[in-house]
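Peer 1: Questions regarding the structure given below will be posed in turn.
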Amino acid sequence: MTPDDERWMRRALDEARRAPDHGDVPVGCVVVCDGEIIASGRNERELRQDPTAHAEVLAIRDAAIALGGWRLVGATLYVTLEPCPMCAGAILQARPERVVWGAPEPVSGSAGSVIDLFRDPRLPTRIPVEQGVLAAESATLLRAFFAERRGG
3 MTPDDERWMR RALDEARRAP DHGDVPVGCV VVCDGEIIAS GRNERELRQD PTAHAEVLAI
63 RDAAIALGGW RLVGATLYVT LEPCPMCAGA ILQARPERVV WGAPEPVSGS AGSVIDLFRD
123 PRLPTRIPVE QGVLAAESAT LLRAFFAERR GG
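Numbering-wise (this note's numbering), the sequence shown opens with residue 3 and increments by one.
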């Protein structure tokens, strides 16, 4: 873990807090390069009616534009929830330098909980992963969202 990991994860949490405004699960993501946020995203599946509109995918798309290419060279991706298989695949394709995630995703987590695409020896790309950064804050935000959905 680097000294700035909590700082950037707090920014990802800020993004996550905005997702419920449009009915989406509170997951946020920021992409940092050279000490600056170059892209951010939050879940927008409900807003866009798009099953691929996860925080990571939206942030990766904007980061590629900001960097002028599809490889996120020198970038670190911070996401409040462990990536799902789709997002892990997108992250692997984008090739950031590192991935940092908050809360584990026990159903479809693909960065260590259920499977680990980032360390799978059958795949050509490996990306260092730091897990559990501000996990309690991320999990609390998710639990509150789903409790409200269930009526309390």
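Glycine residues also receive a C-beta, built at the ideal position from the N, C-alpha and C atoms.
In this text, all values refer to a predicted model and were calculated from it rather than measured experimentally.
Where does Gly-76 fall in DSSP's three states?
Peer 2: If DSSP states are grouped into helix, strand and coil, Gly-76 belongs with coil.
Peer 1: Note down the Cα distance separating Pro-98 from Thr-82, rounded to an integer number of angstroms.
Peer 2: Distance between the alpha carbons of Pro-98 and Thr-82 is about 17 Å.
Peer 1: Closest by CA to Glu-107, which one among Ala-96, Ala-138, Pro-126?
Peer 2: Nearest option by C-alpha distance: Ala-138.
Peer 1: Roughly how many whole angstroms lie between the Cα atoms of Ala-141 and Leu-49?
Peer 2: Approximately 22 Å between the Cα atoms of the pair.
Peer 1: If you measure between the beta carbons of Glu-46 and Leu-60, is that distance less than 8 Å?
Peer 2: Yes. Within cutoff.
Peer 1: Closest by CA to Arg-20, which one among Phe-120, Gly-30, Asp-52?
Peer 2: Nearest C-alpha to Arg-20: Gly-30.
Peer 1: Count the other CB atoms, across all protein chains shown, that sit within 10 Å of the CB of Ala-57; report buried if there are 16 or more and exposed otherwise.
Peer 2: Buried is the call here.
Peer 1: When burial is assigned at 16 or more other CB atoms within 10 Å of the CB, is Gly-71 buried or exposed?
Peer 2: The residue in question, Gly-71, is exposed, as its Cβ has fewer than 16 Cβ neighbours within 10 Å.
Peer 1: Taking the C-alpha atoms as reference points, what is the distance between Gly-1 and Arg-13?
Peer 2: Outside the shown range of the chain (3 to 154) lies residue 1, about which nothing can therefore be said.
Peer 1: Quick check on Gln-51: does DSSP put it in helix, strand or coil?
Peer 2: In the structure shown, Gln-51 sits in coil (DSSP, three-state: anything other than H, G, I, E or B).
Peer 1: With H, G and I counted as helix, E and B as strand and the rest as coil, what does DSSP make of Val-27?
Peer 2: Reduced to three states, the DSSP call for Val-27 is coil.
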